[in-house]
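Quick notes on the structure that follows.
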Amino acid sequence: MTAIPVSPGHAYILLGRELDNGQRFYNTVAGFYPDHNEKAAYVKEFYSTKGVVTQTLDDAKSEITFTIYITPNQEQKVSSIIKSYDTKDYSLITRNCVSLSKDVANAIGLTVPSGALSGMIPQAFIKSLMEQNKNRAPVPGAPPGSVSTTGPNAPQPPPNRAIDAAQWTIDNTRPTAPIVPPVIAPTGMPQPPDIIPPPPPTPPQLPPPTPLPIPPVLMPPPN
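Residue numbers in the sequence shown follow the working numbering, run continuously in steps of one, and reach 301 at the last position.
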């Protein structure tokens, strides 16, 4: 969760993966905004107008960052919450970007601040959230200036500091090795050097020859 250093500020959610070298890759950047495609949205956003979950160029910068490891089950809950906000109306007073951050924080088991000021101003909310969850164990690899924690039921990251879902994605998107057909030289052509020619066929076994009969020996009669 991050807050942008502009008045009144903006809070948004990032979901991603952390690799064993500390690099982070984000596949979701979600902030709750009024849908400015609506007629008179800039006026109605103070009361109620159509909301939309999206990202802007302002989401590339942040003043306060609160990072936490979550389980795959918690990640599914967060994704469902983000998706549900696409059907909600936006109100600067009652349902804004802080509302989305609050619902996400509740879903992953954080202690959520309840003060009136923290309920409206993003920077105040993120600072209060960090303060009320500062007793959590720090996680290595956090960027400078951020507070990284583990959730109350979240496991410690595995040796490569990437959750199982990330490894599953890598394994299922890695291309398989192509099947190379055998090289067969045409008849009468020399075989390639890497192919051993088959042995010559064994000639069929012939039956042994039939022995000839031995003629009788005739002896002359005695005198």
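Glycine is no exception: its CB is placed at the ideal position from the N, C-alpha and C atoms.
*Span of the alpha helix (DSSP H) holding Leu178?*
Locating residue 178 in the sequence shown gives position 100, counting from the first residue. Leu178 -> alpha helix (DSSP H) spans Cys175 to Ala185.
*Pull up the distance between the alpha-carbon of Ser157 and that of Leu97, whole angstroms please.*
What you label residue 157 is simply residue 79 of the sequence shown in a count that begins at 1. What you label residue 97 is simply residue 19 of the sequence shown in a count that begins at 1. Ser157 and Leu97: Cα-Cα distance of roughly 21 angstroms.
*Check whether the Cβ of Ala183 lies closer than 7 angstroms to any Cβ atom in chain D.*
Considering every chain present, this structure includes no chain D. It has just one protein chain.
*With which residues is Leu290 paired in a DSSP beta bridge?*
For the purposes of this step, residue 290 is taken as the residue at position 212 of the sequence shown. Per DSSP, none; premise fails for Leu290.
*Val190 by DSSP, collapsed to three states: which one?*
Taking the sequence shown and counting its residues from 1, the one referred to as residue 190 is at position 112. Three-state result, Val190: coil.
*How far does the alpha helix (DSSP H) with Ile204 in it reach, from first residue to last?*
In the sequence shown, residue 204 corresponds to position 126, counting from 1. Taken as a continuous stretch (DSSP letters only), the alpha helix (DSSP H) holding Ile204 covers Pro200 to Gln210.
*Mind checking whether Leu188 and Asn151 have CB atoms under 7 angstroms apart?*
Your numbering for residue 188 matches position 110 in the sequence shown. Your numbering for residue 151 matches position 73 in the sequence shown. Cβ distance not < 7 angstroms, so Leu188 and Asn151 don't count as in contact.
*Would you mind stating whether Val182 and Ile91 have Cβ atoms separated by less than 7 angstroms?*
Position 104 of the sequence shown holds residue 182. Position 13 of the sequence shown holds residue 91. In this structure, Val182 lies near Ile91, with their beta-carbon atoms less than 7 angstroms apart.
*Does the Cβ of Ile160 have 16 or more other Cβ atoms within 10 Å, making it buried, or fewer, making it exposed?*
Taking the sequence shown and counting its residues from 1, one reaches residue 160 at position 82. Buried, because 16 or more other Cβ atoms sit within 10 Å of the Cβ of Ile160.
_Closest to Gly109 by C-alpha separation, out of Ile199, Ile186, Thr145 and Asn174, would be which residue?_
Numbered from 1 along the sequence shown, position 31 holds the residue referred to as residue 109. Comparing Cα-Cα distances from Gly109 to each of Ile199, Ile186, Thr145 and Asn174, the minimum goes to Asn174.
*Select from Tyr104, Ala89 and His88 the residue whose C-alpha is nearest the C-alpha of Arg95.*
Here residue 95 corresponds to residue number 17 of the sequence shown, with the count starting at 1. For the residues Tyr104, Ala89 and His88, the minimum Cα distance to Arg95 belongs to Tyr104.
*With DSSP as the reference, label Thr145 as helix, strand or coil.*
In the sequence shown, the residue the question calls residue 145 occupies position 67. Three-state result, Thr145: strand.
*To the nearest angstrom, how far is it from the Cα of Phe203 to the Cα of Arg102?*
Taking the first residue of the sequence shown as position 1, residue 203 is located at position 125. Taking the first residue of the sequence shown as position 1, residue 102 is located at position 24. Answer to the nearest angstrom: the Cα atoms are 24 angstroms apart.
*Using the Cα positions of His107 and Leu93, report the straight-line distance between them to the nearest angstrom.*
Position 29 of the sequence shown, counted from the start, is the residue given in the question as residue 107. Position 15 of the sequence shown, counted from the start, is the residue given in the question as residue 93. It is worth fixing the name first, because residue 107 is Val in this sequence and not His. Each residue's alpha carbon lies about 7 angstroms from the other.
*Where Phe144 and Met208 are concerned, what is the direct C-alpha to C-alpha distance, given to the nearest angstrom?*
Position 66 of the sequence shown, counted from the start, is the residue given in the question as residue 144. Position 130 of the sequence shown, counted from the start, is the residue given in the question as residue 208. C-alpha separation (whole angstroms): 7 angstroms.
_Thr39 (DSSP reduced to helix, strand or coil)_ = Nothing can be reported for residue 39: it is not among the residues displayed for the chain, which extend from 79 to 301.
*Straight-line gap, Gly100 to Ile146 (C-alpha atoms, nearest Å)*: Indexing the sequence shown from 1 puts residue 100 at position 22. Indexing the sequence shown from 1 puts residue 146 at position 68. C-alpha separation (whole angstroms): 14 angstroms.
*CA-CA distance, Asp167 and His88?*
Along the sequence shown, read from residue 1 onward, the residue named residue 167 stands at position 89. Along the sequence shown, read from residue 1 onward, the residue named residue 88 stands at position 10. Their backbone Cα atoms lie some 17 angstroms apart in a straight line.
_Distance between Pro276 and Gln154 (C-alpha atoms, nearest Å)_ = If you number the sequence shown from 1, residue 154 lands on position 76. If you number the sequence shown from 1, residue 276 lands on position 198. Approximately 58 angstroms between the Cα atoms of the pair.
*Can you grab the Cα-Cα spacing for the pair Ser192 / Thr149, in whole Å?*
Within the sequence shown, the letter at position 114 stands for residue 192. Within the sequence shown, the letter at position 71 stands for residue 149. If I take the Cα positions, the gap works out to 25 angstroms.
*Mind checking which residues open and close the beta strand (DSSP E) that includes Gly94?*
On the sequence shown, position 16 is the one that residue 94 refers to. Residues Ala89 to Glu96.
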